[in-house]
Structures are given as structure tokens and as C-alpha cells.
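The sequence shown runs 31 to 335 under my numbering. Glycine included, each C-beta is placed from N, C-alpha and C at the ideal position. Right, one structure below, let's go through it.
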Amino acid sequence: MVDVEAFVERAVAEVDEAVGDGRAVIALSGGVDSGVAAALAHEAIGERLTPVYVDTGLMRQGETEQVAETFSFMESLRVVDARDRFVDALAGVTDPEEKRRVVGEQFIREFEREARDADADYLVQGTIYPDRIESEGNIKSHHNVGGLPERVDFEAIVEPMRERYKDEVREVARHLGLAEVTAERMPFPGPGLAVRIVGEVTREKLAVARHACAVVEEETAEHDPWQAFAAVLGRATGVKGDNRVHGWVVAVRSVESRDGMTARAQNLPWETLQRIQSRITGESDDVARVVYDVTHKPPATIEYE
Ligand code: XMP
């Protein structure tokens, strides 16, 4: 982006003009897009913005605590503990699109309640350009673009970053002085770990995915991937101690990309892959195998579902 300062000025003015004397809400996901949108809107309308963070139980390790801390400068921040409600709603759901729908639907319910409590007339969203393209092309139902507006009776939706790419949003985040964990945070899908679990989402698989994702993020950090994570695929046989076990198969994915629309599997050193493998299987009793995903996008997508 040529001029970050000019963009920030324009975006703040846009929110200010759209919301006027009214009140607005924004759903904070923990990611950089909604974080930047919230910071811009807060700059424009201060405490008349209510940022809502829903802890879906599908988040990464430490994510909720991190969000609460990063955005503690906004006094009206609301952190909603909806972990049990999401996992219960996902029980028995195996179809990927159905999973997205269930997560989206539950999210709307949680958010609707908070928006009503906040008495908000406007919705601010951190939608960026690639979200719109993928949603319009219907590649996948991105729930942060699809659901909210139809169901909640807002006067208007304000999307100050709708023309921006991810790397531009990061630039804005740094410019605004948002915590580095947020500014440099790798993209994380709206449905969270639910799309990193093939098949039914259970508390057990969530724990495996959460731990494995944390290991992969830590161990790949020095190689600066665009996105790196782990997914739980299914079960396979392994040996732990003297016993044969039927443990989880965890896939490791690390990709380079500019905007997520295409991606290349990263050529990670064998030592890094082995360290990841040994930590994931060593630190979790339930994982029997770790495999590395070498597929680019296309033909694969970045996430597993
Ligand atoms: P895929 O898996 O489609 O992902 O290659 C492309 C980029 O989008 C993220 N992603 C999502 N983001 N809601 C989101 O907000 C979603 O439903 C969703 N699905 C995928 C993914 O992490 C990658 O960065």
C-alpha cells in the first residue's frame, strides 16, 4: 500500500461518518483483520464501539487470553465463554460445509445476543478483499462474510478494509501499534480448529489439534511461513512403549502465500520436521503418526475442510 497514514485517516473518517452518534459492535476473532478494524473503529467512535470476542472452544492455545490482553485498552470489550455450546452443537456433524454452517449459526446466536445487549445500530467487520472474492465465487462459505448481516437488524455494515489485502492489513496493524502477536499473526480460519479436524469434532480431537498447532507454530516460526498448522486426520496404528496403539494421525502443513488464494507447500528442513514429529508424538500420548503435507493450492486448499 502506498500511504498507510492516508488509509487510516480515510478509514477512521468512514467509520465516523457511517456511525455518526450511534453505537457499533464488532466481532473480534483474534486475527489481524478484525483487530485492525476494531482499532480503526475505536479510534473513530471510542467506547461507543463494543468489541465482542466469542471463545468458541475452537481457538488456538492461549488465544483467548491473548485477545483479552491485547484489546484491554478498549473498556467495552466483551469476552463470551461459549466453548461448551459450540462443541455440543458440533456433535455428530461430519460434513465440512455443514460444520461451517453450524459454527456460523452458533456464532450468529452468540453475537446477536451481545449486539442486542450493546444496543448497537451498526456492525463493523474486518472483511478484506480475498474474503469477498472467495465468497462471491462460492469456493467456501466464509462465515465472517456470509451470515451476520441478514439476521441482525443493523442500520448498516461498515467494512473499512474491504479493498485491502492481508499484507496491507499487517502494515496498518504495525502503524497502529497493535501488539506484534496480532500484527504478525498468521491467518486463522473463522471456524477455527473445526476445519483442522477431519470428521466429527470432539473435545479429545480438539485437544490434540490445539497442542499440535502450537508445536507447529513454534517450530516453524524461524522459517516464516505464511501459515503453518496441524490437522487431525483419523486413526492409525503405532507403538508406544511395548504396546500397539490406535492413535491419531496428525498432518503438518506449512505454506507460503501472498493472500491465501494460491499457496505453495514450504520446503522445510528435515530436522525441523523431525523435531515437530518428535514433540507432537512425545508430548501427546494419543498421537501415533505425524505426516507432512506437500500439496500446493491448488489442487489442495490450505485448510483441511
Ligand atoms: P483455504 O482452506 O480455502 O483457505 O485454502 C484460504 C485462507 O482462508 C482461511 N480460511 C478461512 N477464513 N473463514 C475464514 O475467516 C473460513 O471459513 C475460512 N476457511 C479458510 C484459511 O485459513 C486460509 O488462510
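Less than 8 Å between the beta carbons of residue i and residue j, yes or no?
| i | j | result |
| --- | --- | --- |
| V262 | K235 | yes |
| E144 | V55 | yes |
| V282 | D323 | yes |
| T100 | A251 | no |
| M216 | D63 | no |
| P160 | M291 | yes |
| A98 | V109 | yes |
| L223 | A213 | no |
| R113 | T86 | yes |
| R58 | V42 | In the sequence under discussion, the amino acid at residue 58 is Leu, which differs from the Arg named in the question. It is not a contact, given that the beta carbons lie outside the stated cut-off. |
| V279 | A266 | yes |
| A119 | Q96 | no |
Using the rule of at least 16 other Cβ atoms within 10 Å of the residue's Cβ for burial, across every protein chain shown, is residue i buried or exposed?
| i | result |
| --- | --- |
| F103 | exposed |
| H173 | Residue placement at H173 cannot be trusted, given a pLDDT of 49 that sits under 50; what the coordinates show is reported in the next sentence. It counts as buried. |
| D316 | buried |
| P329 | exposed |
| D111 | exposed |
| I163 | exposed |
| R226 | buried |
| A74 | buried |
| R90 | buried |
Using a Cβ-Cβ cutoff of less than 8 Å, which residues in the same chain neighbour residue i once the five nearest sequence positions on both sides are dropped?
| i | result |
| --- | --- |
| V188 | E44, V45, A48, V49, A54, A71, Y152, L153, V154 and Q155 |
| E313 | H241 and V245 |
| E249 | T302, R305, I306 and R309 |
Give me, in chain order, the residues of the same chain whose beta-carbon lies closer than 7 Å to that of residue i; leave out the 5 immediate sequence neighbours on both sides.
| i | result |
| --- | --- |
| V34 | E201, V202 and H205 |
| Q296 | H253, P255, S284, V285 and E286 |
| E105 | E77 |
Determine, using beta carbons only, whether residue i comes closer than 8 Å to chain D.
| i | result |
| --- | --- |
| I158 | Among the chains of the structure shown, chain D does not appear; only one protein chain is present. |
Helix, strand or coil: which one does DSSP assign to residue i?
| i | result |
| --- | --- |
| T96 | A small fix is needed here, since residue 96 is Gln in this sequence, not Thr. Q96: helix per DSSP, three-state reduction. |
| V231 | coil |
| G264 | strand |
| I332 | coil |
| H276 | strand |
| R226 | helix |
| P160 | helix |
| T86 | coil |
| V123 | coil |
| L208 | coil |
| T80 | strand |
Any heavy atom of the ligand XMP closer than 7 Å to the beta-carbon of residue i?
| i | result |
| --- | --- |
| T331 | yes |
| G2 | There is simply no residue 2 to check, as the chain begins at 31 and stops at 335 in what is shown. |
| R131 | no |
| G122 | no |
| G290 | yes |
Excluding the 5 residues preceding and the 5 following residue i in the sequence, name in chain order all residues of the same chain whose CB lies nearer than 6 Å to its CB.
| i | result |
| --- | --- |
| G8 | No answer is possible for residue 8: it lies beyond the span of the chain, which begins at 31 and ends at 335. |
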